[in-house]
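Numbered per the working numbering, the sequence shown spans residues 4 to 242.
Written below as structure tokens is the structure these notes are about.
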Amino acid sequence: MIEKVLMRCAGQCAVCRAWSHQTICATCVDLYARPQARCWTCAARLPPELTGRPRPQCGRCLHEAPPLDRTVAALDYGFPWDGLLQHFKYHQGLQLRESLLERLNVALSAAEVVEPDWLLPVPLSAERLRERGYNQSYELARALARRRGLRCDPHLLLRVRHNERQAGLKLQARTANVRGVFAVEPLRAQRLRGTSVALLDDVMTSGATLYELARVLLQAGVMSVQAWVIARTPEPGQE
Numbered sequence: 004m005i006e007k008v009l010m011r012c013a014g015q016c017a018v019c020r021a022w023s024h025q026t027i028c029a030t031c032v033d034l035y036a037r038p039q040a041r042c043w044t045c046a047a048r049l050p051p052e053l054t055g056r057p058r059p060q061c062g063r064c065l066h067e068a069p070p071l072d073r074t075v076a077a078l079d080y081g082f083p084w085d086g087l088l089q090h091f092k093y094h095q096g097l098q099l100r101e102s103l104l105e106r107l108n109v110a111l112s113a114a115e116v117v118e119p120d121w122l123l124p125v126p127l128s129a130e131r132l133r134e135r136g137y138n139q140s141y142e143l144a145r146a147l148a149r150r151r152g153l154r155c156d157p158h159l160l161l162r163v164r165h166n167e168r169q170a171g172l173k174l175q176a177r178t179a180n181v182r183g184v185f186a187v188e189p190l191r192a193q194r195l196r197g198t199s200v201a202l203l204d205d206v207m208t209s210g211a212t213l214y215e216l217a218r219v220l221l222q223a224g225v226m227s228v229q230a231w232v233i234a235r236t237p238e239p240g241q242e
């Protein structure tokens, strides 16, 4: 339904069809983009009573700390954002970029993040890039970099082999699926040593992709790594 509205109803909210100067109207933003208490390091949703606590973490991150210093997610990956993100990612829905980016920008400001030296998009394989025609993470990253005055370079990180899609794989399989997939561009690695990096992706599910990238960056001499994502998939039972 969302895709049909986007194609046929210019000037209307992509969610509720009300006339709006924005792609997503203020009423729908208020209804579907309410702030959530989230884990400091993986952005999993936490009980509301943890709101306001310094650096709250989920049980999984307390048991095994991920290689990320901070993760900020603007939204839950659920209605209507799941449909909008799929349209943006797979169906040339670039008109949604600014509306999605605004949600992340608001979340970053509310989280009072430490601004990194670099904002880097999750890289796509050459095969996937040909299939889609663009890297949705880079489209978001370069626009956010302009807004926040950050350096953004899509060529510092490489996806050195084409791997199976993560969607549909179980947790352990997701981790194995991205192992050895990424690398820092060797001719530009010096630019990253001793710096701080924020990785940008559209959706975080298990975290396997972002964790693997963070490990690669830390091994290359990066001092700290954050992850900034538009949406975080809820844990089982939180839908």
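C-beta: ideal position from N, C-alpha, C; glycine also.
Computed from a predicted model, the values in this text were never measured in an experiment.
Beta-bridge partners assigned by DSSP to P124: L203. Of the residues F91, T74 and V18, the one whose Cα lies closest to the Cα of R135 is F91. For R145, the closest C-alpha among the options L88, R100, V116 and P189 is that of R100. With fewer than 16 other Cβ atoms inside 10 Å of its own Cβ, F82 counts as exposed.
When DSSP states are grouped into helix, strand and coil, Q95 belongs to the coil group. CA-to-CA, the gap between D72 and L97 works out to about 30 Å. Inside the segment 51–93, DSSP marks whole beta strand (DSSP E) runs of 3 or more residues at positions 73–79, from first to last along the chain. Each residue's CA atom was taken as its position, placing T178 and R164 some 15 Å apart. Proximity to P157 across E142, R218 and V206 peaks at E142, based on C-alpha coordinates.
For A40, the CB contacts under 6 Å within the same chain, skipping 5 residues up- and downstream, are L49, P51, L53 and T54 in chain order.
Here the alpha carbons of E105 and T26 stand approximately 11 Å from one another. Between V228 and the set P38, N108, T208 and T44, the nearest pair of CA atoms involves T44.
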